[in-house]
Structures are given as structure tokens and as C-alpha cells.
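Peer 1: Here it is, the structure, as C-alpha cells.
Number of protein chains: 2
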Amino acid sequence: MNKIRIGVDLMGNENSPQDLIAALKELTPSPHIELILIGTDEFKHHSNPFPYITAPEVIEMDEPPLAALRKKKKASLCIGMRLLKEGKIEALVSAGNTGALVSSAKMILSTLTGILRPCLLTLIPTKKNPVAVLDVGANTQVQAKHLVQFALIGTAYQQARGIEKPIIGLLNIGSEAVKGTSEHRLAYHNLQTIEHPTFRFAGNIEGTSVFDGNVDVLVTDGFTGNVFLKTAEGIATMILDRIHDHIPPNEFKKFQSLHYAEYPGALLAGVKGIVIKCHSYSTPRGFTNGVLGAIALAQENFIQALQDKLSNEIT
Amino acid sequence: MNKIRIGVDLMGNENSPQDLIAALKELTPSPHIELILIGTDEFKHHSNPFPYITAPEVIEMDEPPLAALRKKKKASLCIGMRLLKEGKIEALVSAGNTGALVSSAKMILSTLTGILRPCLLTLIPTKKNPVAVLDVGANTQVQAKHLVQFALIGTAYQQARGIEKPIIGLLNIGSEAVKGTSEHRLAYHNLQTIEHPTFRFAGNIEGTSVFDGNVDVLVTDGFTGNVFLKTAEGIATMILDRIHDHIPPNEFKKFQSLHYAEYPGALLAGVKGIVIKCHSYSTPRGFTNGVLGAIALAQENFIQALQDKLSNEIT
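Protein chains in written order, with the numbering used here: chain A, 49 to 363; chain B, 49 to 363.
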């Protein structure tokens, strides 16, 4: 069995690279997994047992993505993206500038066949099975055709996870077909009338009922999806912190991925490679959860499975 | 002291008017409060101790608002709006079609001086004081100038509640000024550069940090705000239901207005009259919480206070 190599961009998280390295050292080691860290020179020797690639530049969180990518070709996230492209790592984990991460993935890795726009996909817990939510932040504004593609990507993702005919919902402010913007109404119509769908379209879903777990995939634009995710995290964290001492551990476990300290990151779906985006405010624990997620996807050769499923959907 | 009369539109809620009447009967009666119910003929005699106005028509939830208002001038919510305009009630509570409620309020009551668009405002709990969130559903798409006005309305609202210089946040997907759509960036700039502000602008706020309670007013468009509110309710309800038996009652109380069963409704802010919008899926208890909120606002002559504060802001 070949070693699985995971590239870890240490820059862009609010915690120092030292703290991230300390957390990564706590992961149960496996002889089949190798973590390769990417960061600036100053953190290279910080009691670091991992292979380390020095990046001379860092893209800051408030830099305009495209200008930063033009100027800083040796930034940590660009180095990571090229390693992934060249097959020197099987997955990349980063908490860096979202716009720069998405743009560099598009430019360096390129998108899967037929995909117009990559999007960020995350699983969140419900009363039943977890729901795949996309887009949670890659595309601030989208058209109906992008929403329809997100549905297809989400379908392929859930099929790769073993759900034969996933149920799709469109995140909206009411269940009626007339709700939302003209792009929502057009996406609703197109999802409802698509021929031979590999999914079942359940119509519009409101934020209240997402958590009932009646849909497998929740489709939304990246602005609304990002607010949705962060609001869920904010509320869950407030309540869980407040009542932590009263809850049995098994109940806490069920909701922990909603706690922002534990959030395992989102998959940048639709590009040729496994890229996991963690929040800039991830705790070291959340960040290592992202690394564990990347390992799991790499082990199951996820991108190939996704491309195979998508080939049936997008022509 | 004059009696305070609250008009209650019984139609449009998912619970039957009988169930709402039963819940309203449980409210502690006060000789200074009179509830006046508005509904279709069939519910008139359902062991109803309240004055009852028969509405021959009802606007359904999936009707296009403007067409419905043209066609059904005798719908329950239009009758309620006219009673409010004529000073026959001091406030109106309805769980009806949001678009129809907003449009009929604009047409019949008209907006407060200088207000471009009314918006839905609700208070939600945080780790500190409750935050006023607006718009939570009246305007699906807005421009920067509307977001700026929502900030002014929210400021006046919190000032009327006793906060001298409210802190304003703009709901966005990152704290940096470049985040969001062009309308967000323009609103950010305009809020930052407004002369002699009666508020303090704290910049962009993410869904995670809203619940830290560091802002008094959260400004957003009606689509995002509605998703924000319903997501908060959905998560809170899932967690609270699941761990209800483990939480001390005083902790549950703190979050109960986030539980959708208890959500007290939103104020339609910016029109000449107190209009409270409850969710169509409000439980009878959530609906009566809306009535209690309307009573409180009517008792403090809230609209006059809001108009006075706004006159200082909008010229």
C-alpha cells in the first residue's frame, strides 16, 4: 500500500503554526500516512517531526485574491496546490484566504470535466443523517445554472458516500416555488424539470427544517451558505458552551462538528484534487479534524469516484 | 387610562384558528387590554370570549402578494391593517403571507417620514444583551442605501429601548471590508463615513460572532436575514429538544425565544403602526408571544418614539 501524503498549509489560521504543529503531533500516527507541512522559515524548526517545505511568501486574509496570486507565486497555499497538481501529495489542507484558495485551485488544478465553478461543500449533522451543504463560501453570487450544478455535485458526493438517490433541497425563505430571487425561481424550475434525474428534488427548504434531516443535499449560493454555516456554528457553540456541564458526552458528540472549535473544514468540490478549507478561526482541534477528513477522502480515492459519478450527470 | 386594543389576524398560521383562540384565552387577562380577533365566519363562535370581526376572504401563503391584495380587499389582514390605520386598534398581529402583509402595510398605513422600505426586525438572544436583527424577511434584495437605512432604524429601535449609542454590525462572510457583494462593500463604506453618527459602526460581523453579543444591531438583507433567523431557530430547536431533560429550566429560558415554538415574531419597522409578523409555523405559544410583544410596544407608544428618534437620523 502506498503512503498517503497530506500537505498542510500552516499559514492563514489565527493560531500560530507552533500551536498547529503541536496539535498535529497528537494525531494517532499511522505508517501509511505522511503529513508534509508548508510554512514560513521561522516555524521550520519548532520541534517539528514532519517533513517541512519552506514558503517564502504568505497571502494575507485581507488581500484581494487575484492580485495576491499574481504577486506571490511562492505563497504557502500556491506551493501546496502545485504539490497536489504534481502528485507529490494526495490532499491539501489550508485555512488560508478563501478567494485565493479557490482561484489558485481553479488555475493550478483546473476543474473536473463539465464543472463551471468549484464550490465549498461541508457535512453538517441533523436529527437523521448528515446533510451536504454547498456552496458554503466559494461563490458570493451565483446564477441558476450554478445552483443546478451544485445539486449535481452534491448528488455525486452523497452517492460516493453510499446514498443511491439523494434528496435535494434548495435553501430558501419559504417552501413555495415563488420564493426568493429570480435565480432561485429558475433553479427551482430547472431542478424540477431535469430529465432522468439521479436525485429526488424536494423543493425549497427553510433554515428551520434543514435540521430535520429530510434532505441529503442542501443547495445554496456561497454567501447565504456561509452565513448559514457560521450561524449554525455560532448558535451551537453558544448553547453547548453554556450547558456543557449538563450534557451527557454522547449527546455532545452528536453536535460537536457544529461547534466551531471542532468544525472539520469544507471540501473544495469540483476541482481535480482534494482540497480542504478550514476556517481562519479554526482551533488547532478543528484544524486537525480537517486533516483527518482529508486523509479519509484520500484513502477512498474520492476524486475519481466523484468524477465518475459526475460524468453520468454532466454532459 | 385608555384600553389598548390588539387586532389578531387568526388566518395564515398552520394551526387552526380554534387552537390559536384556545391559546389566547390562556393569556393573563388585564382590564386595560382588549384582543380583537379577525377571521373567517366559521371560527366566530368557537367558544370565543373576544370581540370578533368576520373577514370574508383570506390571502393564502402561496398567492403572489400584489395580485392577492388587488383581488381580496376584504381579506383578514387587510381588514386588520385598516383598523390600525383608523385608530380602532393600537397594534396588529398576523402570521399571514409576508409579502402581502408588507405591501398592505405600505399602502394602507404608509411608511414613516423618510423611510424607503419597511423591514422586519426581531430581537435574538446572545451571550450578552439581545441583538436587533433587520431585515429578517421583508426585502429579498436590497441596495446599499437600504442597508444604511436599516442601520438607522435599528439604531432608533435600540435607542428607544434605552441604549444611547448602539453598536452596528453588517452581517457578512468575513470581517474584511472587501467581503460580500458590491452592495455590502458600498454599505460598509457609507456606514463608516456617515457624518455625526448616532451609532458606532463595528464593521462586518460573521454568523459565528453575532452570538458573542458585541453588537446591538445586525444589518442584513431580508433573504440572508431570514435564513439567519430560521437557521438559528432550527439549530437551537434541534439541540434544545434533544437535551431538554438535562438542562436546568433557567438555562432553557435564556434560549427559548430561539426555539421556533416560542419565537415571538418580528416587528414590521418603518410603517405608521405596530405590526407584528409571526411565522406561519408558529406554535400557538409562539403566536401568543407575538401578541404579548405587540401589547408591550403599544403600551410604550413605541411608534412615536421610533419616529422621534428617526427624525434625528433621516433628513
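We treat Cβ as the ideally placed atom computed from N, Cα and C, and that holds for glycine.
Note down, in chain order, all residues in the region 280 to 311 of chain B with a beta-carbon under 8 Å from any beta-carbon belonging to chain A.
Peer 2: 280, 281, 282, 283, 284, 285, 286, 287, 288, 290, 291, 294, 295, 296, 299, 302, 303, 306 and 308
Peer 1: Does any C-beta atom of chain A lie closer than 8 Å to the C-beta of residue 65(B)?
Peer 2: no
Peer 1: Could you check whether the Cβ of residue 169(A) sits closer than 8 Å to any Cβ belonging to chain B?
Peer 2: no
Peer 1: Pull up the DSSP beta-bridge partners for residue 216(B), would you.
Peer 2: 249(B) and 265(B)
Peer 1: Which residues mark the beginning and the end of the alpha helix (DSSP H) in which residue 287(B) is found?
Peer 2: 270 to 291
Peer 1: With 8 Å as the C-beta to C-beta threshold (strictly closer), list the residues of the region 109 to 132 of chain A near chain B in chain order.
Peer 2: 109, 110 and 112
Peer 1: Taking a cut of 8 Å between CB atoms, which residues from the region 171 to 188 of chain B lie near chain A?
Peer 2: If the cut-off is 8 Å between Cβ atoms, the region 171 to 188 of chain B has 174, 175, 185 and 188 near chain A.
Peer 1: Taking only beta-carbon positions, decide if residue 274(B) is within less than 8 Å of chain A.
Peer 2: yes
Peer 1: Which of helix, strand or coil does DSSP assign to residue 73(B)?
Peer 2: helix
Peer 1: Under the DSSP definition of a beta bridge, which residues are partnered with residue 417(B)?
Peer 2: With chain B represented from 49 up to 363, any question about residue 417(B) goes unanswered, as that position is not in the structure.
Peer 1: Would you please state the rounded distance, in angstroms, between the beta carbons of residue 339(B) and residue 54(B)? I believe it to be under 8 Å.
Peer 2: 6 Å
Peer 1: Between residue 231(A) and chain B, is there a C-beta pair that is closer than 8 Å?
Peer 2: no
Peer 1: Run down chain A in chain order and give the residues with a C-beta less than 7 Å from the C-beta of residue 259(B).
Peer 2: 282, 283 and 286
Peer 1: Report yes or no: do the region 197 to 212 of chain B and the region 300 to 307 of chain B share at least 3 C-beta pairs separated by less than 8 Å?
Peer 2: The region 197 to 212 of chain B vs the region 300 to 307 of chain B: no contact.
Peer 1: Apply the 10 Å Cβ neighbour rule to residue 98(B) and answer buried if 16 or more other Cβ atoms are within range, or exposed otherwise.
Peer 2: exposed
Peer 1: Report the option in 152(A), 128(A) and 144(A) whose CA atom is closest to the CA atom of residue 117(A).
Peer 2: Restricting attention to 152(A), 128(A) and 144(A), the CA atom closest to the CA of residue 117(A) is found in 152(A).
Peer 1: Give the residues of chain A in contact with residue 255(B), contact being defined as C-beta atoms less than 9 Å apart.
Peer 2: 274, 275, 276, 277, 278, 279, 280, 281, 282 and 283
Peer 1: Pick out whichever of 309(B), 220(B) and 322(B) has its Cα sitting closest to the Cα of residue 234(B).
Peer 2: 220(B)
Peer 1: Buried or exposed: residue 93(A), going by 16 or more other Cβ atoms within 10 Å of its Cβ?
Peer 2: exposed
Peer 1: Taking only the alpha-carbon atoms, compute the straight-line gap between residue 275(B) and residue 216(B) and give it to the nearest angstrom.
Peer 2: 20 Å
Peer 1: Pair every Cβ in the region 229 to 243 of chain B with every Cβ in the region 282 to 293 of chain B, then say whether three or more of these pairs are closer than 8 Å.
Peer 2: no
Peer 1: Chain B beta carbons: is any one of them nearer than 8 Å to that of residue 195(A)?
Peer 2: no
Peer 1: Measuring straight from C-alpha to C-alpha, what distance separates residue 142(B) and residue 58(B)?
Peer 2: 7 Å
Peer 1: Looking at C-alpha atoms only, which residue of 72(B), 175(B) and 350(B) is the closest neighbour of residue 323(B)?
Peer 2: 350(B)
Peer 1: Assess, as a yes-or-no matter, whether the region 70 to 81 of chain A is touched by the region 155 to 164 of chain A under the definition of 3 or more beta carbon pairs within less than 8 Å.
Peer 2: Contact between the region 155 to 164 of chain A and the region 70 to 81 of chain A is absent, with fewer than three C-beta pairs closer than 8 Å.
Peer 1: Below 8 Å on the Cβ atoms is my contact criterion, and I expect residue 269(B) with residue 190(B) to pass it. Report the Cβ-Cβ distance as a whole number of Å.
Peer 2: 4 Å
Peer 1: Give the interface partners of residue 271(B) over in chain A, defined as CB-CB distance under 8 Å, in chain order.
Peer 2: Simply 221, 228, 229 and 272.
Peer 1: May I ask you to report which of helix, strand or coil DSSP gives residue 168(A)?
Peer 2: strand
Peer 1: Could you check if residue 115(A) is buried or exposed, using at least 16 other CB atoms within 10 Å of its CB as the buried criterion?
Peer 2: The residue is exposed, with fewer than 16 neighbouring Cβ atoms inside 10 Å.
Peer 1: Give the C-beta separation of residue 201(A) and residue 182(A) to the nearest angstrom, bearing in mind that I take them to be a contact with Cβ-Cβ under 8 Å.
Peer 2: By a beta-carbon distance limit of 8 Å, residue 201(A) contacts residue 182(A). Their separation comes to about 6 Å.
Peer 1: For residue 157(A), which option in 131(A), 170(A) and 178(A) has the closest C-alpha, if you only look at C-alpha atoms?
Peer 2: 131(A)
Peer 1: Measuring alpha carbon to alpha carbon, tell me which of 88(B), 96(B) and 84(B) ends up nearest residue 70(B).
Peer 2: Residue 96(B) is the option with its Cα nearest to residue 70(B).
Peer 1: Which of the three DSSP states, helix, strand or coil, is assigned to residue 192(A)?
Peer 2: Residue 192(A) falls in the helix class under three-state DSSP.
Peer 1: Please look up how many angstroms separate the CB atoms of residue 52(A) and residue 347(A), rounded, as I've assumed it's under 8 Å.
Peer 2: 6 Å
Peer 1: Whole angstroms are fine: how far does the CA of residue 257(B) sit from the CA of residue 344(B)?
Peer 2: 29 Å
Peer 1: From the DSSP output, in three-state form, read off residue 186(A) for me.
Peer 2: Assignment of residue 186(A) by DSSP, reduced to helix, strand and coil, places it in the coil class.
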